[in-house]
Amino acid sequence: MATLTASEKRAQSKAKYNAFLAVCPSQKLLDRISAKWVTLILAALGSGPDCTGVPTAMRYSELSRTLAGVSPKMLTQTLRSLEADGLVSRTAVPTVPVTVTYELTELGISLQQTIRGLKSWAEAHMNEVLTNRQRSLD
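With the UniProt record's numbering, the residue at position 122 of the sequence shown is 122, and numbering never jumps.
Rendered as structure tokens:
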């Protein structure tokens, strides 16, 4: 029996992921990245404060202002989970007060295009969805 290298083991393991299976860890990842604040944070970091579509670092306060309605607790928790997943990096500069910025990692950038597309779709089709919802109530 041949011994597998670490990269072969990872490739073999990766091939086994199937989000339709209850035991697949990708279900939890999909659950996490589809959460409202995760989606909006990734979209905000992906488009930058000037909405140019160029990923850029943003301070906590910029994110807070951009994401109307997010509580400080929820923003902090979500940023920590994104950092733990490797989607966002946090940089603290020792100033008074400390300057903290967040930006997408390479992994986060690879997800950002999909998130922006989802956000754009929701904005473009909201009237149709609202019309259908109203129709179903009538």
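Cβ coordinates follow ideal geometry from the N, Cα and C atoms, glycine included.
- Contact between L104 and P55 holds, with the beta-carbon distance rounding to 5 Å and staying under 8 Å.
- With a contact defined as Cβ atoms closer than 8 Å, R59 and T99 qualify at about 7 Å.
- Fewer than three Cβ pairs drawn from the region 13-28 and the region 84-96 lie within less than 8 Å of each other, which leaves the two stretches out of contact.
- DSSP places V100 outside any alpha helix (DSSP H); the residue lies instead in the beta strand (DSSP E), whose first and last residues are 99-104.
- Just so you know, the alpha carbons of A124 and L137 end up roughly 22 Å apart.
- Within the region 33-87, complete alpha helix (DSSP H) segments of at least 4 residues are found at 36-47, 60-66, 72-84, given in chain order.
- Going by C-alpha positions, A44 is about 23 Å away from V129.
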